[in-house]
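A.B. asks: My questions will all concern the structure given below.
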Amino acid sequence: MDESLLIKKLKRGKEDAYVQVVHDYGNRLLRTCYLMLGSIEEAEDVVQETFIRVFENIGKFRGDSSLYTWVYTIALNLSRDRLKRKSDVPSFQDDQDEWIGNDDVENCVVKSIDREALKKELFKLHPMYMEVIVLFYFEELSIKEITALLNEKEGTVKSRLSRGRNILKGNLSKGGFING
Amino acid sequence: MDSFEKEIKRIMEEETSDIVLSKKAMDNILGHRKKNIKERIDGLLNKEIKIPIAPVIIGFTALFAIALIPWNLSDFQSVKIIDMGGSQVIISESREVGMKRR
Chain A
117 MDESLLIKKL KRGKEDAYVQ VVHDYGNRLL RTCYLMLGSI EEAEDVVQET FIRVFENIGK
177 FRGDSSLYTW VYTIALNLSR DRLKRKSDVP SFQDDQDEWI GNDDVENCVV KSIDREALKK
237 ELFKLHPMYM EVIVLFYFEE LSIKEITALL NEKEGTVKSR LSRGRNILKG NLSKGGFING
Chain B
1004 MDSFEKEIKR IMEEETSDIV LSKKAMDNIL GHRKKNIKER IDGLLNKEIK IPIAPVIIGF
1064 TALFAIALIP WNLSDFQSVK IIDMGGSQVI ISESREVGMK RR
């Protein structure tokens, strides 16, 4: 179904449009939220809250962005709120906005990786970096799309992506789980 | 995308491949959807209305009492009519005072 038609149907309260939106975005959104929050229960709560907010405010949706971007923005904000509520997670404020792409670790060519170690390090990553890594690698969004979604500067997104990768590579190198 | 980045992607895909929204969550989400006009009218027509029986009975009884009881019954009792040939003499205990007309 064409997106503009889908939005029209949602505004009219057509059941098939609601079912389609939940089917199209539901599982994908749940997986993204799970990667960010690390808990299926919390991810499911966020997804439910997201759709409820979308349905309540569909009348106000003007179509400035795509429906998908709008849904994802709500989900990301709700996920961020949850992470902020957890006292052990520091702020999402980045202290370095410029892209640090010329790092030695960044440029090292990885020949073999201990997958289990990488998985462990990945889920230990700070949510600020995990967020962009999930959106870039899992959602396959472009830097521009992530920039719009997170309402951040392009440099900030690039920097977080690069630093996230560096942290992972650095931690794996320290533990001897990576061979360059 | 280098092998490291491919590995990151693969891990995330594998970790989430069997994650799906539960039926309960799905029902909860769709339960919050905006209702169309027909559904809203149906909802209104099928709405259960609870009427407390005691106040309703008391109300109806009071209404019947007001409508049926002859409130000027005492006036009838205080008036006697004596037929005297072709005339009638009305003897009343109370004196009715009417408006003075010119």
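Chains A and B, in that order, are what the protein sequence lines are.
Anchor point for the first sequence: position 15 equals 131 in our numbering, and the numbering is continuous, going up by one each time.
Anchor point for the second sequence: position 102 equals 1105 in our numbering, and the numbering is continuous, going up by one each time.
For each residue, glycine too, the CB sits at the ideal point set by N, CA and C.
1. What's the gap between the Cα of LYS1083 of chain B and the Cα of GLU1051 of chain B?
2. Taking the alpha carbon of GLU131 of chain A as the reference point, which residue from B:ASN1039, B:VAL1023, B:ILE1014 has its own alpha carbon closest?
3. Is VAL1092 of chain B helix, strand or coil when you go by DSSP?
4. Using a Cβ-Cβ cutoff of 8 Å, what residues of the stretch 124-137 of chain A are near chain B? List them in chain order.
5. Can you tell me the Cα-Cα spacing of LEU251 of chain A and GLU1017 of chain B, whole angstroms?
6. Contact check, GLY142 of chain A vs LEU1024 of chain B under 8 Å by CB: the rounded distance?
7. With burial defined as no fewer than 16 other Cβ atoms inside 10 Å of the residue's Cβ, what is the status of VAL170 of chain A: buried or exposed?
8. So, helix, strand or coil for GLY217 of chain A, using DSSP?
9. With a cut-off of 8 Å, do at least 3 Cβ pairs link the stretch 165-182 of chain A to the stretch 272-291 of chain A?
10. Using beta carbons (cut-off 8 Å, strictly below), is VAL187 of chain A in contact with chain B?
11. Can a CB atom of chain C be found closer than 8 Å to the CB of ASN1039 of chain B?
12. My guess is that GLU247 of chain A and LEU288 of chain A are in contact by the Cβ rule of under 8 Å, so how many angstroms apart are they, rounded?
13. Rounded to a whole number of angstroms, what is the C-alpha to C-alpha distance between LEU183 of chain A and PRO1058 of chain B?
14. Flag LYS1026 of chain B as yes if its beta-carbon sits less than 8 Å from any beta-carbon of chain A, otherwise no.
15. Hey, THR1019 of chain B and TYR188 of chain A: beta-carbon distance below 8 Å or not?
16. Distance cutoff 8 Å, beta carbons only. Does GLU1051 of chain B sit that close to anything in chain A?
17. Just verifying my parser: in three-state terms, what is the DSSP assignment at MET1029 of chain B?
18. When the Cα atoms are used, what is the spatial distance from SER1095 of chain B to ILE1085 of chain B?
19. Quick one, are the C-beta atoms of LEU146 of chain A and GLU160 of chain A less than 8 Å apart?
C.D. replies: Put simply:
1. Taking the second sequence and counting its residues from 1, one reaches residue 1083 of chain B at position 80. Taking the second sequence and counting its residues from 1, one reaches residue 1051 of chain B at position 48. Each residue's alpha carbon lies about 57 Å from the other.
2. Taking the first sequence and counting its residues from 1, one reaches residue 131 of chain A at position 15. That would be B:ASN1039, whose Cα lies nearest to the Cα of GLU131 of chain A.
3. To locate residue 1092 of chain B, count along the second sequence from 1; it is residue 89. In the three-state DSSP reduction, VAL1092 of chain B falls in the strand class (E or B).
4. Of all residues in the stretch 124-137 of chain A, LEU126, LYS127, ARG128, GLY129, LYS130, GLU131, TYR134, VAL135 have a Cβ within less than 8 Å of some Cβ in chain B.
5. Taking the first residue of the first sequence as 1, we reach residue 251 of chain A at position 135. Taking the first residue of the second sequence as 1, we reach residue 1017 of chain B at position 14. Looking at the two C-alpha atoms, the distance is approximately 16 Å.
6. Residue mapping note: residue 142 of chain A aligns to position 26 of the first sequence, counting from 1. Residue mapping note: residue 1024 of chain B aligns to position 21 of the second sequence, counting from 1. Correct: roughly 5 Å between the Cβ atoms.
7. Here residue 170 of chain A is taken as the residue at index 54 of the first sequence, counted from 1. When all chains shown are included, VAL170 of chain A counts as buried.
8. Start at 1 with the first residue of the first sequence, and residue 217 of chain A comes out as number 101. Bear in mind that a pLDDT of 47 at GLY217 of chain A, under 50, signals an unreliable position, so the model cannot answer this.
9. no
10. Sequence index remark: in the first sequence, residue 187 of chain A carries index 71 (1-based). Chain B contact via Cβ: absent.
11. Of the protein chains in the structure, A and B, none is chain C.
12. In the first sequence, the residue the question calls residue 247 of chain A occupies position 131. In the first sequence, the residue the question calls residue 288 of chain A occupies position 172. Not confirmed; about 20 Å, so no contact.
13. Translated into the one-based positions of the first sequence, residue 183 of chain A becomes position 67. Translated into the one-based positions of the second sequence, residue 1058 of chain B becomes position 55. Approximately 53 Å between the Cα atoms of the pair.
14. Position 23 of the second sequence, counted from the first residue, corresponds to residue 1026 of chain B. Not flagged as an interface residue toward chain A: LYS1026 of chain B, since no C-beta distance is shorter than 8 Å.
15. Walking along the second sequence from the start, residue 1019 of chain B turns up at place 16. Walking along the first sequence from the start, residue 188 of chain A turns up at place 72. No.
16. By 1-based counting over the second sequence, the position of residue 1051 of chain B is 48. Chain A contact via Cβ: absent.
17. Walking along the second sequence from the start, residue 1029 of chain B turns up at place 26. Three-state DSSP puts MET1029 of chain B in a helix.
18. Position 92 of the second sequence, counted from the first residue, corresponds to residue 1095 of chain B. Position 82 of the second sequence, counted from the first residue, corresponds to residue 1085 of chain B. Between SER1095 of chain B and ILE1085 of chain B, the C-alpha separation is close to 11 Å.
19. On the first sequence, residue 146 of chain A is found 30 positions in, with the first residue counted as 1. On the first sequence, residue 160 of chain A is found 44 positions in, with the first residue counted as 1. Yes, these two residues count as a Cβ contact at 8 Å.
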